[in-house]
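Numbering (UniProt numbering), first residue to last: 1 to 356.
Glycine residues also receive a C-beta, built at the ideal position from the N, C-alpha and C atoms.
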């Protein structure tokens, strides 16, 4: 019995801890131990109280207007570098992180204050994008005429949700740690907040409400995901309601989860549509090569309507055109469904003449 007890002691006490066990132990310690005063102070200072509130709001308004203006001009000029600069100036990440902190600590007044500041910033950024587009005299007939920087923010997908969740986790980790606050601008670049709002104003000004809604969906995706992920990270850092450790915390976190689910549904539909369109374009391009190896696709427009693939093609080739119905059949075999094809065929001809 003594030997067995000694062996059990050696196995239980002297055996090195596995990485998984170490991670579980660290998580338990974080969940039990409250944050220190410096961490609480860093979180409380995200949005100041009392007399310092209105000066903060004034600075927030000025920076939001300036960042939205930079973003709008960058989007309209199709300059990615300018848009990145707008992300660095944008101050929206602070009240969003403050919203997550107020959610976890059950500070209702701070939560309402942070949400109102976010609402003000949202309205200002959209308005600046709208006014900038009107002043610039931008005229757009269809969404295809928009700059690529604008278009890229009108097709949100599940990848954007993943980026926002990761960025929100980074913001939640940085917020209570003053030593790593220098990394916060990188979070602002990783997840776009003001550029989608400026895109909403741009699309509304040129009469493209559907694209404006998609850009707003991208912003709401970023907002919901950041609040959720930052709340989880602050929870792991030991933040709880001050007067009672569980007061309303489950309901508050459930609201953030529901918000993420609410934006995930349309994002899933957008992603499926994007993948479907990409597969159709790839099938059409491969069909053209199989139909005529010398042909080159000059313009391609395709869509799927009630399982019917509608394809419009502009093709150029040096040879004589082959029967169009063969190309339609080739596309149909690759797509696996009915196809309506509209084909415009151009012959590449080169003339070298001399007049003396």
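Where the beta strand (DSSP E) through residue i begins and ends
i           : result
residue 287 : No beta strand (DSSP E) holds residue 287; the alpha helix (DSSP H) holding it covers 249-291.
residue 358 : With the chain represented from 1 up to 356, any question about residue 358 goes unanswered, as that position is not in the structure.
Rounded C-alpha distance that separates residue i from residue j
i           : j           : result
residue 6   : residue 18  : The predicted position of residue 6 is uncertain, since its pLDDT is 47 and thus under 50; a value taken from the coordinates is nonetheless stated next. Approximately 22 Å between the Cα atoms of the pair.
residue 50  : residue 102 : 17 Å
residue 216 : residue 200 : 6 Å
residue 337 : residue 290 : 18 Å
residue 287 : residue 299 : 14 Å
residue 194 : residue 147 : 17 Å
residue 173 : residue 296 : 51 Å
residue 73  : residue 139 : 15 Å
residue 267 : residue 152 : 14 Å
residue 219 : residue 225 : 10 Å
residue 231 : residue 253 : 8 Å
residue 45  : residue 214 : 34 Å
residue 8   : residue 43  : At residue 8 the pLDDT is 43, less than 50, meaning the model places this residue with poor confidence; the figure from the coordinates comes in the next sentence. Computed Cα separation, rounded: 46 Å.
residue 250 : residue 212 : 34 Å
residue 20  : residue 279 : 41 Å
residue 307 : residue 272 : 14 Å
residue 293 : residue 270 : 34 Å
residue 124 : residue 181 : 26 Å
residue 171 : residue 191 : 11 Å
residue 13  : residue 229 : Here the model assigns residue 13 a pLDDT of 48, short of 50, so the residue's position is not dependable, and the following value carries that caveat. The alpha-carbon atoms of residue 13 and residue 229 are separated by roughly 36 Å.
residue 126 : residue 205 : 10 Å
residue 79  : residue 85  : 10 Å
residue 320 : residue 347 : 7 Å
residue 10  : residue 107 : Here the model assigns residue 10 a pLDDT of 44, short of 50, so the residue's position is not dependable and the matter cannot be decided.
residue 343 : residue 317 : 13 Å
residue 262 : residue 158 : 12 Å
residue 339 : residue 332 : 6 Å
residue 260 : residue 110 : 22 Å
residue 355 : residue 330 : 46 Å
Residue i vs residue j beta-carbon contact at 8 Å
i           : j           : result
residue 197 : residue 137 : no
residue 341 : residue 328 : yes
residue 115 : residue 99  : yes
residue 154 : residue 76  : no
residue 223 : residue 175 : no
residue 178 : residue 38  : yes
residue 352 : residue 311 : no
residue 186 : residue 227 : no
residue 207 : residue 87  : no
residue 237 : residue 35  : yes
residue 156 : residue 221 : yes
residue 150 : residue 202 : yes
residue 276 : residue 304 : yes
Residue i - partner residues in DSSP beta bridges
i           : result
residue 72  : According to DSSP, which records beta bridges pairwise, residue 72 is partnered with nothing at all.
residue 213 : Paired residue(s): none; residue 213 is not in a bridge.
residue 315 : 297 and 345
residue 304 : 309
Enclosing alpha helix (DSSP H) for residue i [first to last residue]
i           : result
residue 46  : First-last for residue 46: undefined, no H or E at that position.
residue 100 : 93-105
residue 208 : First-last for residue 208: undefined, no H or E at that position.
residue 112 : 108-136
residue 185 : 184-190
residue 168 : 158-174
residue 80  : 80-89
residue 150 : 148-151
residue 335 : 324-335
Count Cβ pairs between the stretch 83-100 and the stretch 50-65 that sit closer than 8 Å; are there 3 or more? yes
Does the count of Cβ pairs from the stretch 65-74 and the stretch 157-169 closer than 8 Å reach three? no
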